[in-house]
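Down below is the structure, laid out as structure tokens.
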Amino acid sequence: MKLLFDLLNKRSVSGDEAEISAFIVNYVTKRSLGWKVQPVIFSGEEFHDCVLLKFGIPKTAVFAHLDTIGFMTRYQNQLVAVGGPEIIAGTKLVGKDNKGEISCKVLGDEDSCFHDFPRGIEAGTRLSFEQTIRLDDEYIQAAYLDNRLGIYNALKLCETIDNGWVIFSTYEEHGGGSMPFLLKFIQENAPIRQALISDITWITEGVQHHNGVVISIRDKFIPRRVFMDKIIDLAEKSGIPFQVEVEAHGGSDGREVQFSPYAIDWCFIGAAEDHVHTPDEKVSLADLDSMIRMYRFLLKEL
1 MKLLFDLLNK RSVSGDEAEI SAFIVNYVTK RSLGWKVQPV IFSGEEFHDC
51 VLLKFGIPKT AVFAHLDTIG FMTRYQNQLV AVGGPEIIAG TKLVGKDNKG
101 EISCKVLGDE DSCFHDFPRG IEAGTRLSFE QTIRLDDEYI QAAYLDNRLG
151 IYNALKLCET IDNGWVIFST YEEHGGGSMP FLLKFIQENA PIRQALISDI
201 TWITEGVQHH NGVVISIRDK FIPRRVFMDK IIDLAEKSGI PFQVEVEAHG
251 GSDGREVQFS PYAIDWCFIG AAEDHVHTPD EKVSLADLDS MIRMYRFLLK
301 EL
């Protein structure tokens, strides 16, 4: 799991995805020689920090977002949330400004949040949860499994995919924004009619660890039923463990697919985690395995 550990140790709070983007381009450039199909890579300033991989003749696109939640420093030691982190007093944060490395703790609550670093931190500095990876026979627990596991799944898919787009987007945790130009580029160059969202969802009363990858029938937004029925029918034929979720809240890059001017079906498929948006996110290894296998199966069948 070296790749996953490498991903977990990269920082990329929304709007600051350059490091993880460069890592992925370097990884793909080196490893793709051993993949079933070598992709065409689209990256660089034209795409900001997004990375697009085109395999063969695509019919389906898989999206995985690169960014994480975190914090941004303001004035007088204030912190402003980026995305929706759980604000828990005493949580350790790390980062870097022009004066050096930063390690501090969160003080206060959602209404008034500060850090305890002994010197002033330059305004606009992004801070991430300190990373501590815990792995046993059943679970992985760490900060930012959302969406490092989604990225990991997408990169594992690249090893076997014949045809399709695999796309790494930005800004997802803080309102989105990269998907419109990504979708426009895709539809102008190698158009698709369906998309899968490689992301991580929640443990709830209806979704539990070890029961398989989650196929989301709805979050705040509702995909088209005809496509959902097709996905679930294929999942049943696969023999791979899965569970379905129905939620009233939450969202993903699927929202921007649905709101785009293109007639593209979409479905969110991902493992579920406990302790969402904290340094202690927890996912079943069996569910991660079923996620990887389900994506490989679906990309062959769709």
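Quick note on the UniProt record's numbering: the sequence shown kicks off at 1 and runs consecutively. Even glycine gets a Cβ: it sits at the ideal position worked out from N, Cα and C.
Q) Under a three-way DSSP split, which group does M291 fall into? A) In this structure, M291 counts as helix in the three-state DSSP scheme.
Q. Cα-Cα, which of V283, F297 and M291 is closest to D137?
A. Among V283, F297 and M291, the Cα nearest to that of D137 is on V283.
(Q) Using a 10 Å radius around the Cβ and a threshold of 16 neighbouring Cβ atoms, would you call Y295 buried or exposed? (A) Buried, by the Cβ-count rule.
Q. Alpha carbon to alpha carbon, what distance is there between Y144 and T60?
A. Answer to the nearest angstrom: the Cα atoms are 26 Å apart.
Q: Compute the distance between the beta-carbons of S290 and I240, then report whether it is under 9 Å.
A: Against a cut-off of 9 Å, the Cβ pair of I240 and S290 comes out as a contact.
Q. Can you name the start and end residues of the beta strand (DSSP E) that F129 belongs to?
A. From DSSP, the beta strand (DSSP E) with F129 extends over R126 to F129.
Q. Using the C-alpha atoms, what's the distance from F129 back to A18?
A. A18 and F129: Cα-Cα distance of roughly 18 Å.
Q. Can you check whether the CB of L288 is closer than 9 Å to the CB of L66?
A. Result no, Cβ atoms of L66 and L288 do not sit closer than 9 Å.
(Q) Against chain D, with Cβ distances strictly below 9 Å, would D49 count as a contact? (A) Given the protein chain composition of this structure (a single chain), no chain D is represented.
Q) When the Cα atoms are used, what is the spatial distance from D146 to D274? A) Rounded to the nearest angstrom, the two C-alpha atoms are 11 Å apart.
Q | For F221 and H249, the rounded distance between their alpha carbons | A | Approximately 8 Å, taken between the alpha carbons.
Q. Between E86 and P180, which are expected to be in contact by the criterion C-beta below 8 Å, what is the C-beta distance as a whole number of angstroms?
A. Cβ-Cβ separation between E86 and P180: approximately 29 Å, too far for a contact (criterion under 8 Å).
**Q.** Residue interval of the alpha helix (DSSP H) (run including M1)
**A.** That residue, M1, is in no alpha helix (DSSP H); it is neither H nor E in DSSP.
Q: Look at T278 and E247 and say whether their C-beta atoms are less than 9 Å apart.
A: At least 9 Å separates the beta-carbon of T278 from that of E247.
Q: Write down the C-beta distance between D280 and Q141 rounded to the nearest angstrom, noting that I regard them as a contact closer than 8 Å.
A: Taking C-beta atoms under 8 Å as the contact rule, D280 and Q141 qualify, at a distance of about 6 Å.
Q | Cβ pair count under 8 Å reaching 3, the stretch 35-54 against the stretch 91-104 | A | Contact between the stretch 35-54 and the stretch 91-104 is absent, because fewer than three Cβ pairs lie under 8 Å.
Q: Would you decide whether V276 is buried or exposed? Buried here means 16 or more other CB atoms lie within 10 Å of its CB.
A: Buried, by the Cβ-count rule.
Q | Best match in K10, L234, A263 and V82 for proximity to I192 [C-alpha to C-alpha] | A | If we check each option's Cα against that of I192, A263 comes out closest.
Q: Tell me whether L109 is buried or exposed, calling it buried when 16 or more other Cβ atoms sit within 10 Å of its Cβ.
A: The residue asked about is misnamed: residue 109 is Asp in this sequence, not Leu. Here D109 is exposed. Its C-beta has fewer than 16 other C-beta atoms within 10 Å.
Q | Classification of F259 by the beta-carbon crowding that lies within 10 angstroms, buried from 16 upward | A | Counting Cβ neighbours within 10 Å, F259 comes out exposed, since fewer than 16 surround it.
**Q.** In DSSP terms, what H65 is bridged to
**A.** Paired residues: S169.
Q) Going along the chain, which unbroken runs of the beta strand (DSSP E) with 3 or more residues stay wholly within the stretch 240-299? A) Unbroken beta strand (DSSP E) runs of no fewer than 3 residues, entirely contained in the stretch 240-299, are found at 242-246, 265-270, 272-274 and 281-284, following chain order.
Q | Pairwise C-alpha distance: A235 and I24 | A | CA-to-CA, the gap between I24 and A235 works out to about 29 Å.
Q. From N224 to L107, what distance separates their C-alpha atoms?
A. It should be noted that the sequence gives Arg, not Asn, for residue 224. The alpha-carbon separation between R224 and L107 amounts to approximately 44 Å.
Q. What is the DSSP secondary structure of residue 303, reduced to helix, strand or coil?
A. Lying outside 1 to 302, the shown extent of the chain, residue 303 is not represented and no answer is given.
Q. Is the number of C-beta pairs between the stretch 118-125 and the stretch 70-77 that are closer than 8 Å three or more?
A. By the Cβ test, the stretch 118-125 is in contact with the stretch 70-77, since at least three Cβ pairs between them sit closer than 8 Å.
Q.
Could you check if I203 belongs to the surroundings of the ligand FMN, using beta carbon to heavy atom distance under 8 Å?
A. Because no ligand of any kind appears in the structure shown, any question about the ligand FMN cannot be addressed here.
Q) Any idea which residues DSSP pairs C158 with across the strands? A) Beta-bridge pairing links C158 to no other residue.
Q.
For V226 and D233, what's the separation of their Cα atoms in angstroms?
A. CA-CA distance, V226 to D233, rounds to 11 Å.
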